[in-house]
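*Asks:*
Protein chains: 2
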Amino acid sequence: MTTELTSDDLQPVAGGGLLHRRLFLKSGLVLATAGAAGHAAAEPPAKLSEDLASPSWMHAPGAPFTPYGKPSKHEARVMRSIGANKDLPTNGVSWTPLEELEGIITPSGLHFERHHNGVPEIDPAQHRLVIHGLVKQPLMFTVNSLLRYPMQSHLIFIECGGNSNAGWHEEPIQRPLGGFHGLVSCSEWTGVPLAILFDQAGIDPKATWVIAEGADGAVMNVSLPLKKLMDDAIVALYQNGERIRPENGYPLRLVIPGFEGVTNVKWLRRLQLTTEPVMARNETAKYTELLPSGKARQFTFEIEAKSLITSPSAGQKMFGPNIYEIKGLAWTGRGKVAKVEVSADGGQSWAEAALQEPVLSRCFTRFRMPWNWDGKPTVLKSRATDETGYVQPEREMLVKERGRNGYFHYNAILSWGIDEDGAISHVYA
Amino acid sequence: MTTELTSDDLQPVAGGGLLHRRLFLKSGLVLATAGAAGHAAAEPPAKLSEDLASPSWMHAPGAPFTPYGKPSKHEARVMRSIGANKDLPTNGVSWTPLEELEGIITPSGLHFERHHNGVPEIDPAQHRLVIHGLVKQPLMFTVNSLLRYPMQSHLIFIECGGNSNAGWHEEPIQRPLGGFHGLVSCSEWTGVPLAILFDQAGIDPKATWVIAEGADGAVMNVSLPLKKLMDDAIVALYQNGERIRPENGYPLRLVIPGFEGVTNVKWLRRLQLTTEPVMARNETAKYTELLPSGKARQFTFEIEAKSLITSPSAGQKMFGPNIYEIKGLAWTGRGKVAKVEVSADGGQSWAEAALQEPVLSRCFTRFRMPWNWDGKPTVLKSRATDETGYVQPEREMLVKERGRNGYFHYNAILSWGIDEDGAISHVYA
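Protein chains in written order, with our numbering: chain X, 3 to 431; chain Y, 3 to 431.
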């Protein structure tokens, strides 16, 4: 329920015209702003009877029922953008169009993809998961057998460790948000806790690592700490309520809340308990950074806090001085997002955004902030802090710490430059 | 993280073999049950090297990237089942296959439908929403204008007031769960709070009701209390992250957390503020019950607490004496589910199920309960209690209170009969 707006509510809380996050709960907002937002966004009907005249689609029966629905044909522009290897088109990525989405759920059809050799067409009746290595009794599971086990759901983001890697470039890349930062998506994953399956196999006390392997044409594998897998990892069978889709790992995916994407092995077929990592390609040549000191940063696993303003964002256009909702997404692999701050003056001053409920651990958190833009050029930024106290760094600090050899794990503050015409571009500022 | 299982953990907490809800957090569960669950669900590999032999799909590149994903062809059985009027096939329903789904999210492609005259093919550029009646200034909104307003998300169920109405039959209907109780689904809906739009139009203090109308070929309309719309209703533009699909109201749907399905008007085109309800067909001839007293129960709106066991459920088959996870869904239009109890002895004794986090207001809540079935015939039930203290009634009590003239708002406890062969059927017990 709204409460009455007072003149205090329109006092900026930080530079560049940021207003208090509670403003959207106030009644009378639109009228109070000299009609600006109101007249830009709505208008009195010319003549009510004519405006209410019924359109053609109200004069005939509509389309029949469908067993499985699809998006409107008018939304065909909303798709994953694909970036694949010219010589090996099954090796590449597809990006989630984050700037076209709202809320915190990513529809499964738009969940980002990273494949090393395409999407295997797996017959679920033939697929097997084997748990072996340092266990008392190796075990083999069919998909149907796993469906009988107790399950758990995790509503969580998965982010590729290579997401946003154009941020390491010398010059800011100019693309719509999703085509640059869209290797992150958020779903409800449901499956069998690994702790139950490992317990059944009987863990040898010497085991500390687990090698996970997928059943794709690249035989993708990675090494993972056994402790974390016992904590909260699942062998997922469901994504957003239904069985996982082929490109997300059908029929089985290893899902590890908060860990970088490559560890969430798709088409999971093997878990081998060992005493040390296997030093696979994707934990040595990739997803590991050579630091300025000459040492490498390896097995970082946990995604660090990050946030993005999804609107306004690059490629969109401001529609003149007005009150806007700045909105975006924040996440952290270390638990909950504690706060998101927004700056509308290039980082000189900051104010706290409203975090939309529910705020869940290792899940997307949607933030919203009212902003009275005066039409002058400026720079927008957002900065996430997680519940451990970690603060998303400015780009300059991240580059200084990590150097430029790594090309992974880029989580610096993102800056949108707005010019006098309202055009929005990616800037380093 | 699991903790060690003790013999106490295997003591039943209620009749019929119900075990404590914390059992799934215990280590060693599967082995402790005499290998029953273990051997039924997994087996030692015959010869590890052979079992790990790579299947054909690991020897060739997989399928390329796709702009918008689809479910696996192996899951084609998972679809909405359609029940439409023979003479007017655009009037009917389609049911969500609840027994095939896990977690709390319903994928948008499987969200239930209730159409009175099909799905209109609406051009979003031509669609208008008008707010008029008892307002200072009638307003007209385009879809693009609404996209500029501040938004909110609600992760909530929507249930048709006619869901489960076969429960009023003299004999228990025999169908898979979804084809009987599947007019309920759960999504994240995002859009503009109605309070903001009504404030902008300026509410005449005399207004107490709002007539909402859709742009379909049936011109579906209903009357709603203004107070509730000001509280938490939204004009939704997004479902599960992406723009609403045609059959769920593209481009605009009125979404009212906790209110029965028919009030969540799809293809929303008109909101008229008035002093009294319009007494439309869907609030008089339908969704209103003639009680045994001769009076009618009308404008009940809020969905009362309900729960269903999704597994095991009708049409499925038990696979012998073993430890099972009983799992299901509970919801209430009045806030949060406070608890769900399960009975495995036809209602003689009950034990509390585990509620999976997050437990959100007016959202599906997934419950889980371990059960050691001894192979003997029995009856399973679940009973939800909401945070107001309301308890889901037994069928006998509901029929006694409401009589048999209404055919709506059926929320009685659902009973699954299990026979000596493990076959599961719907029973009145």
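Just so you know, even glycine gets a beta-carbon here, dropped at the ideal spot from N, CA and C.
All values reported here derive from a predicted model rather than from experimental measurement.
Between Q202 (chain Y) and chain X, is any beta-carbon pair separated by less than 8 Å?
*Replies:* Yes, contact with chain X.
*Asks:* Say whether chain Y places a C-beta atom closer than 8 Å to the C-beta of A65 (chain X).
*Replies:* Yes, its Cβ sits closer than 8 Å to a Cβ of chain Y.
*Asks:* In whole angstroms, give me the CA-to-CA distance for E115 (chain X) and G85 (chain X).
*Replies:* Going by the C-alpha atoms only, they are around 10 Å apart.
*Asks:* When Cβ atoms are compared, which residues of the region 351 to 362 of chain X fall closer than 9 Å to chain Y?
*Replies:* Residues passing the 9 Å Cβ filter: Q358, E359, P360, L362.
*Asks:* Could you check the C-alpha separation between W191 (chain X) and A168 (chain X) for me, to the nearest Å?
*Replies:* Their Cα atoms are separated by approximately 29 Å.
*Asks:* Would G337 (chain Y) count as contacting chain X if we go by Cβ distances under 8 Å?
*Replies:* No, its Cβ sits nowhere closer than 8 Å to a Cβ of chain X.
*Asks:* Taking Cβ to Cβ, would you say L270 (chain X) is nearer than 8 Å to L228 (chain X)?
*Replies:* No; because the gap between Cβ atoms is not below 8 Å, this pair is not in contact.
*Asks:* Going along chain Y, which residues have a C-beta under 8 Å from M60 (chain X)?
*Replies:* Those are P122, A217, D218, G219, V221, listed as they occur along chain Y.
*Asks:* Any Cβ of chain Y within less than 8 Å of the Cβ of I258 (chain X)?
*Replies:* Not one chain Y Cβ lies under 8 Å of I258 (chain X).
*Asks:* Assuming contact is defined by CB atoms lying nearer than 8 Å, are A282 (chain Y) and V257 (chain Y) in contact in what I supplied?
*Replies:* It is not a contact, given that the beta carbons lie outside the stated cut-off.
*Asks:* Tell me whether T312 (chain X) sits in a helix, a strand or coil according to DSSP, three-state version.
*Replies:* DSSP places T312 (chain X) in strand when its eight states are reduced to three.
*Asks:* Could you tell me which uninterrupted alpha helix (DSSP H) segments, each at least 4 residues in length, are contained entirely in the region 44 to 125 of chain Y, listed from first to last along the chain?
*Replies:* Within the region 44 to 125 of chain Y, the complete alpha helix (DSSP H) runs of at least 4 residues are 50 to 53.
*Asks:* What are the uninterrupted segments assigned as beta strand (DSSP E) that are 3 or more residues long and contained completely in the region 239 to 291 of chain X, given in chain order?
*Replies:* Here the runs fully enclosed are 255 to 257, 270 to 276.
*Asks:* Do V334 (chain Y) and I311 (chain Y) have their C-beta atoms within less than 8 Å of each other?
*Replies:* According to the sequence as given, residue 334 (chain Y) is Thr; it is not Val. Cβ atoms of T334 (chain Y) and I311 (chain Y): not closer than 8 Å.
*Asks:* Please work out which residues of its chain come closer than 7 Å, Cβ to Cβ, to E45 (chain X), disregarding the five sequence neighbours upstream and downstream, and give them in chain order.
*Replies:* Excluding positions up to five away in sequence, the list is empty.
*Asks:* Helix, strand or coil for L21 (chain X) per DSSP?
*Replies:* Coil.
*Asks:* Just checking: is the beta-carbon of E101 (chain X) within a distance shorter than 8 Å of some beta-carbon in chain Y?
*Replies:* So, not an interface residue.
*Asks:* Per DSSP, which residues does C162 (chain Y) bridge with? Please list them.
*Replies:* C162 (chain Y) is not bridged to any residue.
*Asks:* Grab me the residues of G37 (chain Y)'s own chain with a C-beta within less than 8 Å of its C-beta, minus the 5 sequence neighbours each way, in chain order.
*Replies:* Note on G37 (chain Y): pLDDT 37, under 50, position unreliable in the model; the coordinate value appears next. Here the set comprises nothing.
*Asks:* Measuring alpha carbon to alpha carbon, tell me which of X:G377, X:R23, X:C162, X:G181 ends up nearest G419 (chain X).
*Replies:* Checked all of X:G377, X:R23, X:C162, X:G181; the closest Cα to G419 (chain X) is X:G377.
*Asks:* What separation, rounded to the nearest whole angstrom, lies between the Cα atoms of G216 (chain Y) and A431 (chain X)?
*Replies:* G216 (chain Y) and A431 (chain X): Cα-Cα distance of roughly 47 Å.
*Asks:* How about the region 258 to 266 of chain X and the region 127 to 141 of chain X: do they share at least three Cβ pairs that are nearer than 8 Å?
*Replies:* No contact exists between the region 258 to 266 of chain X and the region 127 to 141 of chain X.
*Asks:* Distance check for A16 (chain Y) and V121 (chain X), CA to CA, integer angstroms please.
*Replies:* Rounded to whole angstroms, V121 (chain X) to A16 (chain Y) spans 47 Å at the Cα level.
*Asks:* So is H129 (chain Y) buried or exposed if we call it buried at 16+ other beta carbons inside 10 Å?
*Replies:* Buried, by the Cβ-count rule.
*Asks:* Is there a Cβ from chain X that is less than 8 Å from the Cβ of E77 (chain Y)?
*Replies:* Yes - at least one Cβ of chain X is within 8 Å of the one on E77 (chain Y).
*Asks:* Do we get a CB-CB distance below 8 Å when we pair Y412 (chain X) with the residues of chain Y?
*Replies:* Y412 (chain X) does not count as touching chain Y.
*Asks:* For the ligand HEM, is there a heavy atom less than 7 Å away from the beta-carbon of A48 (chain X)?
*Replies:* By its list of ligands, the structure shown contains no ligand whatsoever, and the ligand HEM lies outside what it can speak to.
*Asks:* What does the Cβ neighbour count give for P379 (chain X), buried or exposed, with the cut at 16 atoms within 10 Å?
*Replies:* Exposed is the call here.
*Asks:* Taking its Cβ as the centre, do 16 or more other Cβ atoms sit within 10 Å of E173 (chain Y), making it buried, or is it exposed?
*Replies:* Answer is exposed; the Cβ neighbour count stays below 16.
*Asks:* Let me know the secondary structure DSSP gives T35 (chain Y) once reduced to three states.
*Replies:* Low per-residue confidence applies at T35 (chain Y): pLDDT is 42, beneath 50, and the placement is therefore not dependable, though the value from the model is reported in the following sentence. T35 (chain Y): coil per DSSP, three-state reduction.
*Asks:* Give me the Cα-Cα distance between G184 (chain X) and T286 (chain Y), rounded to the nearest whole angstrom.
*Replies:* One C-alpha to the other measures close to 49 Å.
*Asks:* Confirm, please, whether the CB-CB distance from K308 (chain X) to A332 (chain X) is below 8 Å.
*Replies:* Yes, the pair counts as a contact, with Cβ atoms nearer than the cut-off.
*Asks:* Starting from D233 (chain X), trace the alpha helix (DSSP H) both ways and give me its first and last residue.
*Replies:* 228 to 234 is the span of the alpha helix (DSSP H), which, as asked, contains D233 (chain X).
*Asks:* Return the CA-CA distance between L254 (chain Y) and Y70 (chain X), expressed in angstroms with no decimal places.
*Replies:* If I take the Cα positions, the gap works out to 20 Å.
*Asks:* Compute the Euclidean distance between the alpha carbons of N93 (chain X) and V224 (chain X), then round it to the nearest angstrom.
*Replies:* Between N93 (chain X) and V224 (chain X), the C-alpha separation is close to 17 Å.
*Asks:* Rounded to whole angstroms, what is the Cα-Cα separation between M3 (chain X) and D201 (chain Y)?
*Replies:* For M3 (chain X), the predicted model reports a pLDDT of 46, less than 50, meaning its position is unreliable; a value from the coordinates is still stated below. Approximately 11 Å, taken between the alpha carbons.
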